[in-house]
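Peer 1: Chains as they are written, first to last, in the numbering used here: chain A, 398 to 762; chain B, 52 to 178.
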Amino acid sequence: MPLQTPPLRGVHDDYGAKFTEFGGWDMPVEFESIRDEHVAVREDAGKFDVSHMGEIHVTGPDSTRLMQRLTSNDVAALEVGDSQYAAITDEDGTIIDDTVIYRLPDEDGTATYLFVPNAGTDEAMHERWITHRNEWDLEATVDNMTDEYAMFAVQGPNAASLLGDVVEESIADLSRFEARYATIAGVECWTARTGYTGEDGFEFVVPWNDAETVWSAFDCKPCGLGARDTLRIEAGFLLAGQDFDRESNPRNPYEARIGFAVKLETDFVGRDALERVHEEGVEEKLVGIKLIDRGVPRHGYDITNTDSRVIGTVTSGTMSPTLESPIGLGYVPVEYADPGTTLRVVVRGQSKKARVETIPFIDTV
Amino acid sequence: MSFDIPADRRYQESHEWTLETDGVVRVGITDFAQDELGDVVFVELPDEGDDVVRDEEFGVIESIKAVSDLYAPVSGEVVAVNEDLFDTPELVNDDPFGDGWMLEIEPAEEDELEALLTDEEYEDQIA
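(1) Can you give me the Cβ contacts of Asp735 (chain A) inside the same chain, cut-off strictly under 8 Å, excluding the 5 residues immediately before and after it?
(2) Apply the 10 Å Cβ neighbour rule to Tyr593 (chain A) and answer buried if 16 or more other Cβ atoms are within range, or exposed otherwise.
(3) Taking three-plus beta-carbon pairs below 8 Å as touching, is the stretch 134-142 of chain B in contact with the stretch 100-108 of chain B?
(4) My output table needs one value for Ile112 (chain B): the three-state DSSP class, helix, strand or coil.
(5) Leu671 (chain A) and Val679 (chain A) - do their beta-carbons sit closer together than 8 Å?
(6) Ends of the beta strand (DSSP E) at Tyr510 (chain A)?
(7) Do the stretch 483-496 of chain A and the stretch 537-552 of chain A touch if we need at least three Cβ pairs shorter than 8 Å?
(8) By Cβ distance, which residues of its chain are closer than 8 Å to Val355 (chain A), with the 5 residues on each side in sequence left out?
(9) Which word fits Leu720 (chain A), buried or exposed, when buried means at least 16 other C-beta atoms lie within 10 angstroms of its C-beta?
(10) Hey, is Glu488 (chain A)'s beta-carbon within less than 8 Å of any beta-carbon in chain B?
(11) Please list, in chain order, the chain A residues whose beta carbon lies closer than 8 Å to that of Val111 (chain B).
(12) Just curious, the alpha helix (DSSP H) that Glu676 (chain A) is in, first and last residue?
(13) Counting contacts by CB-CB distance shorter than 8 Å, is Phe148 (chain B) in contact with chain A?
(14) When you compare the CB of Asp90 (chain B) with every CB in chain A, is at least one pair closer than 8 Å?
(15) If we ignore side chains and look at the alpha-carbon of each, how far apart do Ala178 (chain B) and Glu172 (chain B) end up?
(16) Along chain A, in chain order, which residues have C-beta atoms closer than 8 Å to that of Ile177 (chain B)?
(17) Measuring straight from C-alpha to C-alpha, what distance separates Pro757 (chain A) and Glu596 (chain A)?
(18) Counting only runs of 4+ residues fully inside the stretch 703-729 of chain A, write out the alpha helix (DSSP H) ranges in chain order.
(19) Let me make sure I understand the geometry here. Which of A:Gly714, A:Arg406, A:Asn470 and A:Arg462 has the alpha-carbon closest to that of Leu661 (chain A)?
(20) Where Asp669 (chain A) and Ser713 (chain A) are concerned, what is the direct C-alpha to C-alpha distance, given to the nearest angstrom?
(21) From the beta carbon of Ile431 (chain A), is the nearest beta carbon of chain B less than 8 Å away?
(22) So which residues of chain B does Glu631 (chain A) contact, with C-beta pairs closer than 7 Å?
(23) Got a sec: is the Cβ-Cβ distance from Phe83 (chain B) to anything in chain A below 8 Å?
(24) Terminal residues of the continuous beta strand (DSSP E) containing Thr538 (chain A)?
(25) If you drop the 5 nearest sequence neighbours on each side, which residues of the same chain put their C-beta closer than 7 Å to that of Arg406 (chain A)?
(26) Arg590 (chain A): buried (16+ other C-beta within 10 angstroms of its C-beta) or exposed?
(27) Mapping DSSP to helix, strand and coil, what is Tyr698 (chain A)?
(28) I'd like to know if Thr719 (chain A) contacts chain B, where contact means its C-beta is closer than 8 Å to some C-beta of that chain.
(29) With DSSP as the reference, label Ala473 (chain A) as helix, strand or coil.
(30) Under a three-way DSSP split, which group does Thr139 (chain B) fall into?
(31) Report the neighbours of Val118 (chain B) on chain A: residues whose CB is nearer than 8 Å to its CB, in chain order.
(32) Rounding to the nearest angstrom, what Cα-Cα distance links Ser567 (chain A) and Glu427 (chain A) in this structure?
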């Protein structure tokens, strides 16, 4: 299957970006240096093309009921211009995907939502929404808009001041997870104070054909998926398909430490299973890991206890540019999950000393 | 994009360079290779006195995004290791043909060097 390309594939290529396949998309992984891009976001500001993220639009008289039934958080609590992080779970409580749900201005007098599934999962989520809508006989329109919108993120401590000059309306007053329409270089974009880096910043849903106009209006360092990954690992954010995966690494939200996004008082697919998990507690959970010995933890490496017994697997890892230390995420039995616990990570057959660390690894907004 | 390919060296298809001086062969990776890898964060090398075998792995180099094996361009005994790379692996990015060198090998057979690519042949390979 040919790769999907973001609207600015050519613009990034002209700039000299390197590309990688991610979730079926051909995306810039690095513009000049992952480390420099990472530092720009931590200390100043950087812009990301995240057009691989899906956009699904849900409206109609039963839109709230449909969203509520298919996501773990409390959608009914969202007012226009609010957003929330949520898990999309299976009947058994396994995370299928994670997403941010935005409540857009009402359309035809009914609550309207845009949710953002991960790269390559938009079609499956669209189908899931349609199937459940029909099954429950709900009145809602569900449209997959992934090919109609680009998505950009501008992240970093200076993002707000930088954007003050670029966005026509004030967006400085937006709180974390608040959103509204704002105009950038004449283009109306859904603008949210959200992100995936642990820094302050904004994300923009931009009409596909206006992508270049908006992208070039942001006067800061272009950053690729490489820096996006190192930033999110430091911030302890999950990567779908890696830190959870319905097939290869099935996890529930409590194991993945996103229990804050599970509202058991709402009725959603997976709720009953998750209530049992919540009552009984989990056997394993996600931890932060820092290597004390030299080496870099990577996805798939074994985690052992100090007796060399395999107790878990690294799901994400990197050399942290901020801490200049090798860090990672992985699942271990709860008895090994306390910060300060000594573990081992097996790097190419060699057992490296490691320690459980508090997540996030860095101070985040 | 153009890359440095000094004419005084021989090259291996797996992007290592060699420079022979007084019977000792210095080894590193090319400018092209360091650019492909991106920011180097970790280098694992053999110890002095170890033997390496031509075309077999002698170490590992890791950038933020990738892990790659390093392949010996000649067989022989390791007589020097660039220990600066353990604390400052970014030397491989900053100066791949100079301070970013990795090993010095005393070759078991002189003529193995002859089999390596010339700078022109290597340039064709990466073109």
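Don't be surprised by glycine CBs; every beta carbon is placed ideally from N, CA and C.
Peer 2: According to the data block:
(1) Residues Val753 of the same chain have their beta carbon placed closer than 8 Å to that of Asp735 (chain A), with the five preceding and five following residues left out of the count.
(2) buried
(3) With the cut-off at 8 Å, the stretch 134-142 of chain B and the stretch 100-108 of chain B do not touch.
(4) Ile112 (chain B): strand per DSSP, three-state reduction.
(5) In this structure, the beta-carbon distance from Val679 (chain A) to Leu671 (chain A) does not fall below 8 Å.
(6) Tyr510 (chain A) -> beta strand (DSSP E) spans Thr507 to Val513.
(7) Look at the beta carbons and you see the stretch 483-496 of chain A not touching the stretch 537-552 of chain A: under three pairs across the two are nearer than 8 Å.
(8) Summary: the structure shown does not reach residue 355 (chain A), with chain A confined to residues 398 through 762, and so no result is reported for it.
(9) By the neighbour-count rule (16 or more Cβ atoms within 10 Å), Leu720 (chain A) is not buried but exposed.
(10) Taking a beta-carbon distance threshold of 8 Å, Glu488 (chain A) does not count as an interface residue toward chain B.
(11) In chain order: Arg745.
(12) Where Glu676 (chain A) is concerned, the enclosing alpha helix (DSSP H) starts and stops at Arg668 to Glu677.
(13) no
(14) yes
(15) 10 Å
(16) Here the premise fails: no neighbours, minimum Cβ distance about 15 Å.
(17) 12 Å
(18) none
(19) A:Asn470
(20) Distance between the alpha carbons of Asp669 (chain A) and Ser713 (chain A) is about 29 Å.
(21) yes
(22) By Cβ distance, chain B contributes nothing, its closest Cβ being about 12 Å from Glu631 (chain A), past 7 Å.
(23) Not an interface residue.
(24) Thr538 to Asn541
(25) Asp423
(26) With a threshold of 16 other beta carbon atoms within 10 Å, Arg590 (chain A) meets it and is buried.
(27) Looking at Tyr698 (chain A) - three-state DSSP - the assignment turns out to be coil, as it is neither helix nor strand.
(28) no
(29) helix
(30) Three-state result, Thr139 (chain B): coil.
(31) Val693 and Arg695
(32) 31 Å
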